[in-house]
Amino acid sequence: MFPNSDVLQLPENLGRLKTTTTAGDTDGDGDHDLIFAYGGRSFSIWAEDGTLIFDSGNAFENVISRRSPQLFNANGSMEKADDRSDDKGPEPEALALGEIDGRTYAFIGMERNNAIFAYDITLPSDPHMVGYMMPSSAHNSPEGLEFISSADSPTGKPLLAIAYEMTGTVAVYEISH
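Each residue of the sequence shown is one higher than the one before, starting from 1 at the first, in this note's numbering.
1. Ordered along the chain, which non-local residues of its own chain (more than five positions away) have a Cβ less than 6 Å from that of Ile-121?
2. Nearest by alpha-carbon distance to Ala-161: which of Asn-113, Asn-62, Gly-98, Leu-123 is it?
3. CB Pro-92 to CB Ile-108, shorter than 7 Å?
4. Only counting the same chain, and skipping five residues up and downstream in sequence, which positions put a Cβ closer than 7 Å to that of Ala-47?
5. Let me know the secondary structure DSSP gives Asn-171 once reduced to three states.
6. Quick one, which of Gly-30, Glu-174, Glu-111 has its alpha-carbon nearest Arg-41's?
7. So for Met-78, helix, strand or coil by DSSP?
8. Can you give me the start and stop residues for the alpha helix (DSSP H) that Leu-8 sits inside?
9. Look at the alpha carbon of Ser-5 and the alpha carbon of Ser-56, and state the distance between them as a whole number of angstroms.
10. Taking Ile-64 as part of the alpha helix (DSSP H), name the residues at either end of that continuous run.
11. Would you identify the three-state DSSP class for Arg-103, choosing helix, strand or coil?
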């Protein structure tokens, strides 16, 4: 496939990266010209008919590398920064949708480095990141998110409840906009 595949497959390079053999033969000659990886690095919006409308690509990793470089592709702590690049990256795992003032938002939790992203997805073909949060180290590995509308909130303001797998904690955050 690749003349340097033995080097690419070393653990310090791409050794743990999850790839597929069903794509990558761009010229139809039976060998792979490109490597296609899969796993948790982005979020996508699909139409009812299965057409891809939007994919965030490497946006999560770009933001984390700039705003929280000590936790870039970390496996839960600063001591393990860049430990996930050759595997599944930040692993967006938790998702909640909610409406605030007539706009639709997606809240996405990164399992591995704890980041929480907020996207305005009111126009599905043109989502915009509108928020980024890195919770304290007291909470680790967001596993479930629940949006609580202002109508259902005890404070009268929208809330985001997050269940954290590794620490066994739950945190509730008020959403400001």
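In this text, a Cβ means the ideal position worked out from N, Cα and C, and glycines have one as well.
Fair warning: this is a prediction, and the values are worked out from it, not measured in the lab.
Looking at the atomic coordinates:
1. Taking the first residue of the sequence shown as position 1, residue 121 is located at position 121. Spatial neighbours of Ile-121 in its own chain (CB-CB distance under 6 Å, excluding positions within 5 residues in sequence) are listed in chain order as Thr-104, Ala-106, Pro-127.
2. As a position in the sequence shown, residue 161 is number 161, starting the count at 1. Distances from the alpha-carbon of Ala-161 to those of Asn-113, Asn-62, Gly-98, Leu-123 put Gly-98 closest.
3. On the sequence shown, position 92 is the one that residue 92 refers to. On the sequence shown, position 108 is the one that residue 108 refers to. Yes, Cβ-Cβ distance for Pro-92 and Ile-108 is below 7 Å.
4. Looking up residue 47 in the sequence shown gives position 47. Leaving aside the five residues that flank Ala-47 on each side, the residues in its chain whose CB is nearer than 7 Å to its CB run, in chain order, Ile-53.
5. Taking the first residue of the sequence shown as 1, we reach residue 171 at position 171. Checking the sequence shown, residue 171 turns out to be Ala, not Asn. Three-state DSSP puts Ala-171 in a strand.
6. Counted from its first residue, the sequence shown places residue 41 at position 41. Here the closest residue by C-alpha is Glu-111.
7. In the sequence shown, residue 78 corresponds to position 78, counting from 1. Reliability of the predicted coordinates at Met-78 is poor, the pLDDT of 49 falling under 50, and no value is obtained from them.
8. Start at 1 with the first residue of the sequence shown, and residue 8 comes out as number 8. First-last of the alpha helix (DSSP H) with Leu-8: 5–8.
9. Position 5 of the sequence shown, counted from the first residue, corresponds to residue 5. Position 56 of the sequence shown, counted from the first residue, corresponds to residue 56. One Cα belongs to Ser-5, the other to Ser-56, and the distance between them is close to 28 Å.
10. The sequence position of residue 64 within the sequence shown is 64, counting from 1. Run containing Ile-64: 59–67, per the alpha helix (DSSP H) assignment.
11. Your numbering for residue 103 matches position 103 in the sequence shown. Under the three-state reduction of DSSP, Arg-103 is assigned to strand.
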